[in-house]
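J.:
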Amino acid sequence: MKQRGRHRRRRRGRALRATLAGTALALTAAATLISASQATVADAPGALKPISASEGAGRLPLAEHRVPERWLDRLASSMGRPVGVGTVLAGADRTLRGAADCSTAEKHTLPVEPAATRAYCFGGADTRGWRPGAVTTSGDADDDGRWGGNRVILSGWSRGGAGGGSMDGPAPERGLAKVAFMDADDLGRLRYTWALLAVPVDGGRDYRGLVSSLSGMVWYQDKLLVTTREGDRNALYVYDMDRIQRATVDSDAVGRVRGGWSAHGYRYVLPAVGSYALPGGDDVPRPAAVSLDRSTAPDSLVASEWVSADSDRHTRLWRYALSRDPARSGLLATDSSGHADPVEAYETRTADVRGVLSYGSGWYIDRAADRPAGHGTLWRQDRDGARATECGTDETRQCWSGGSGSLSYWEATGEVWSQSGRTLFALPLASVDRALD
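Counting in our numbering, the final residue of the sequence shown is number 605, and the numbers go up one at a time with none missing.
1) Which word fits G528, buried or exposed, when buried means at least 16 other C-beta atoms lie within 10 angstroms of its C-beta?
2) Pull up the CB-CB distance for V458 and L500, whole angstroms please, since I reckon it's below 8 Å.
3) Whole angstroms is fine: what's the gap from G333's alpha carbon to G589's?
4) Under 8 Å Cβ to Cβ from D503, same chain only, skipping five residues before and after it: list those, please.
5) Assign T395 to buried or exposed, taking buried as 16 or more other Cβ atoms, counted over all protein chains shown, within 10 Å of its Cβ.
6) Would you mind working out which of M409, T591 and S574 sits nearest L382, comparing C-alpha positions?
7) Leaving out the 5 sequence neighbours to the left and right, which residues in its chain are closer than 8 Å to Y288 when beta-carbon positions are compared?
8) Taking the Cβ atom as the reference point for each residue, do A541 and H233 lie within a distance shorter than 8 Å?
9) Can you tell which of G371, S491 and D353 has the C-alpha that lies nearest to the C-alpha of A465?
10) Please report the straight-line C-alpha distance between D261 and R319, rounded to a whole angstrom.
11) Where D520 and P453 are concerned, what is the direct C-alpha to C-alpha distance, given to the nearest angstrom?
12) Under a three-way DSSP split, which group does A267 fall into?
13) For C559, which residues of its own chain have a beta-carbon under 6 Å away from its beta-carbon, when the five flanking residues on both sides are left out?
14) Quick one: grab the DSSP three-state call for D308.
15) How close, in whole Å, do the beta carbons of A345 and L230 come, if the pair is a contact with beta carbons under 8 Å?
16) Would you mind reading off the limits of the alpha helix (DSSP H) that contains T272?
17) Under a three-way DSSP split, which group does A598 fall into?
18) In the DSSP assignment, find the beta strand (DSSP E) that holds E232 and state where it starts and stops.
19) Compare the Cα-Cα distances from W531 to each of L485, D562, R565 and V511 and report the closest residue.
20) Give me the residue from G433, W429 and P368 with the minimum Cα distance to V406.
21) Count the other CB atoms, across all protein chains shown, that sit within 10 Å of the CB of T255; report buried if there are 16 or more and exposed otherwise.
22) Between L525, F349, D451 and S443, which has its C-alpha nearest H507's C-alpha?
23) Can you tell me whether DSSP reads G428 as helix, strand or coil?
24) Taking C-beta to C-beta, are L216 and Q549 nearer than 8 Å?
25) For V600, I'd like the list of residues in its chain whose CB is within less than 8 Å of its CB, leaving aside the five on either flank, ordered along the chain.
26) Compute the Euclidean distance between the alpha carbons of A440 and R496, then round it to the nearest angstrom.
27) May I have the straight-line CA-CA distance separating A258 from D493, to the nearest angstrom?
28) Rank D211, M385, D241 and L597 by C-alpha distance to the C-alpha of R373 and give the top, closest one.
29) Where A186 and D538 are concerned, what is the direct C-alpha to C-alpha distance, given to the nearest angstrom?
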């Protein structure tokens, strides 16, 4: 269980930020200069347009549904006592490659301006056929940046989809979602292990894999919230970080099997404890990217939908307050009917958004590359306008990572974490702002 001292360890944070400022990795050269074919400058999206909560475009009420406690207790009774994050990290048996050992192609996906200060690469053996989709850290989970005594990074992956094979792959692995738990206490050597995301069924007597393309993820207090793109109305699934179960049978199956429980060959499985459902209707937007904002009171969850570049409508952004009720740790603030309504909503002309981050007065919006092997654009928008970094002799704005992914701000260290393909990277938010200003 998390030991919830709320000290911020500010001196440690200042020291880390000073280290980052003085020892940035020499990754700029590794992120190959953008070619002339990428010189097209994306049209500036302009200022964010506030949307009234009473307007249809600004309304995205999410209905909270909790998995019955008796279901979870029944599952735990059959599978064994749940374990916590520390136990999972103790079993981390794989190591990410450091920046020096990443391939030229992997380094090419890194941001050009500003440059990454940390970079790591996953191996191909356990990510082949899987698509990276989301990053969150213990900097989201607690304001001191640690969970218990550990610094932790989580990376979410989906089976199949763009860049990772077909979503119609062979059963039982079709569309599964998994999370890499990384021990980040030694940033020079990140170790990790996998846990499968699941959903309890049959009254807690079994579970199925979460069959969804995972594109966003936030770890707040003891809950992990992940975006989903299933055929049903669920927009977010909720997982309890103190209810991680051990698998007992090593097989490709998912759920109860002869002799015990299987999680597609992984040692751990997280059964969902709840979900947030979308309202009915054919034109209801679905949150695709999410992140945590600790600069608001209370802390808040921000979300963006995905809108294609050739669409005739704009992308919508929302902010939801997180609950301050100790009995509802890690959950959204809801009204008496169990609905979470946005406390803020905007429209942006930025399309193909893959990551969103809000801190202070700025919204940082990660737009995907216009072509394969290209670079994306990171915009900072507010009600006054929009800016993006420029790079190369042609001053292109396509300077961000190639395989754009979610954004997560680790407030205690001042770093933004993201992932581009198999490459996980970080850089100070201050360096982003300097490049923009």
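Beta carbons: idealized from backbone N, C-alpha and C, even for Gly.
T.: Taking the definition as stated:
1) Here residue 528 refers to the residue found at position 360 when the sequence shown is read from its first residue. Label assigned to G528: exposed.
2) Sequence index remark: in the sequence shown, residue 458 carries index 290 (1-based). Sequence index remark: in the sequence shown, residue 500 carries index 332 (1-based). About 11 Å separates the CB atoms of V458 and L500; that is not less than 8 Å, and the two are not in contact.
3) Looking up residue 333 in the sequence shown gives position 165. Looking up residue 589 in the sequence shown gives position 421. Note on G333: pLDDT 34, under 50, position unreliable in the model; the coordinate value appears next. Roughly 13 Å separates the two Cα atoms.
4) Locating residue 503 in the sequence shown gives position 335, where the first residue counts as 1. So the list reads D509, once near-sequence residues are dropped.
5) Sequence index remark: in the sequence shown, residue 395 carries index 227 (1-based). Buried is the call here.
6) The sequence position of residue 382 within the sequence shown is 214, counting from 1. Ranking the options by Cα distance to L382, first place goes to S574.
7) The residue you call residue 288 lines up with position 120 of the sequence shown. Closer than 8 Å at the Cβ level, and outside the excluded window around Y288, lie L264, R265, G266, A267, C270, L358, T591, L592 and F593.
8) Here residue 541 is taken as the residue at index 373 of the sequence shown, counted from 1. Here residue 233 is taken as the residue at index 65 of the sequence shown, counted from 1. Against a cut-off of 8 Å, the Cβ pair of H233 and A541 comes out as no contact.
9) On the sequence shown, residue 465 is found 297 positions in, with the first residue counted as 1. Minimum Cα-Cα distance from A465 among the listed residues G371, S491 and D353 corresponds to S491.
10) For the purposes of this step, residue 261 is taken as residue 93 along the sequence shown, with counting starting at 1. For the purposes of this step, residue 319 is taken as residue 151 along the sequence shown, with counting starting at 1. One Cα belongs to D261, the other to R319, and the distance between them is close to 17 Å.
11) What you label residue 520 is simply residue 352 of the sequence shown in a count that begins at 1. What you label residue 453 is simply residue 285 of the sequence shown in a count that begins at 1. Annotation: D520 to P453 spans about 14 Å, alpha carbon to alpha carbon.
12) On the sequence shown, residue 267 is found 99 positions in, with the first residue counted as 1. Looking at A267 - three-state DSSP - the assignment turns out to be helix.
13) On the sequence shown, position 391 is the one that residue 559 refers to. The beta carbon of C559 sits closer than 6 Å to the beta carbons of V280, E281 and C567 from its chain, once the five residues preceding and following it are set aside; these are given in chain order.
14) Numbered from 1 along the sequence shown, position 140 holds the residue referred to as residue 308. Under the three-state reduction of DSSP output, D308 falls in the helix class.
15) Taking the sequence shown and counting its residues from 1, one reaches residue 345 at position 177. Taking the sequence shown and counting its residues from 1, one reaches residue 230 at position 62. About 19 Å; that fails the 8 Å criterion.
16) On the sequence shown, residue 272 is found 104 positions in, with the first residue counted as 1. Counted as a single uninterrupted DSSP element, the alpha helix (DSSP H) harbouring T272 occupies residues T272 to H276.
17) In the sequence shown, residue 598 corresponds to position 430, counting from 1. It is helical.
18) Mapped onto the sequence shown, residue 232 falls at position 64. L230 to R234 is the span of the beta strand (DSSP E), which, as asked, contains E232.
19) For this step, residue 531 is matched to residue 363 along the sequence shown. Comparing Cα positions, the closest option is L485.
20) Locating residue 406 in the sequence shown gives position 238, counting from the first residue. Ranked by how close their Cα comes to the Cα of V406, the residues G433, W429 and P368 have P368 in first place.
21) Position 87 of the sequence shown, counted from the first residue, corresponds to residue 255. Here T255 is exposed: its Cβ has fewer than 16 other Cβ atoms, across all protein chains shown, within 10 Å.
22) One-based indexing of the sequence shown puts residue 507 at position 339. H507 has its Cα closest to that of S443, out of L525, F349, D451 and S443.
23) Here the question's residue 428 lines up with position 260 in the sequence shown. G428 carries a strand assignment under DSSP once its states are collapsed to helix, strand and coil.
24) Against the sequence shown, residue 216 aligns to sequence position 48. Against the sequence shown, residue 549 aligns to sequence position 381. Contact check for L216 against Q549 passes: the beta carbons are separated by less than 8 Å.
25) Against the sequence shown, residue 600 aligns to sequence position 432. Around V600, the same chain offers P282, Y532, L546, R548, T557 and V584 as residues with beta carbons nearer than 8 Å, after the five sequence neighbours per side are excluded.
26) For the purposes of this step, residue 440 is taken as the residue at position 272 of the sequence shown. For the purposes of this step, residue 496 is taken as the residue at position 328 of the sequence shown. Between A440 and R496, the alpha-carbon positions lie close to 15 Å from each other.
27) Stepping through the sequence shown from its first residue, residue 258 is reached at position 90. Stepping through the sequence shown from its first residue, residue 493 is reached at position 325. Distance between A258 and D493, taken at the CA atoms: about 31 Å.
28) Start at 1 with the first residue of the sequence shown, and residue 373 comes out as number 205. Per the Cα distances, D241.
29) Residue numbering aside, residue 186 sits at position 18 when the sequence shown is read from its first letter. Residue numbering aside, residue 538 sits at position 370 when the sequence shown is read from its first letter. Reliability fails at A186, whose pLDDT of 45 lies under 50, so the model's placement of it is uncertain and the value that follows must be treated cautiously. Distance between the alpha carbons of A186 and D538 is about 35 Å.
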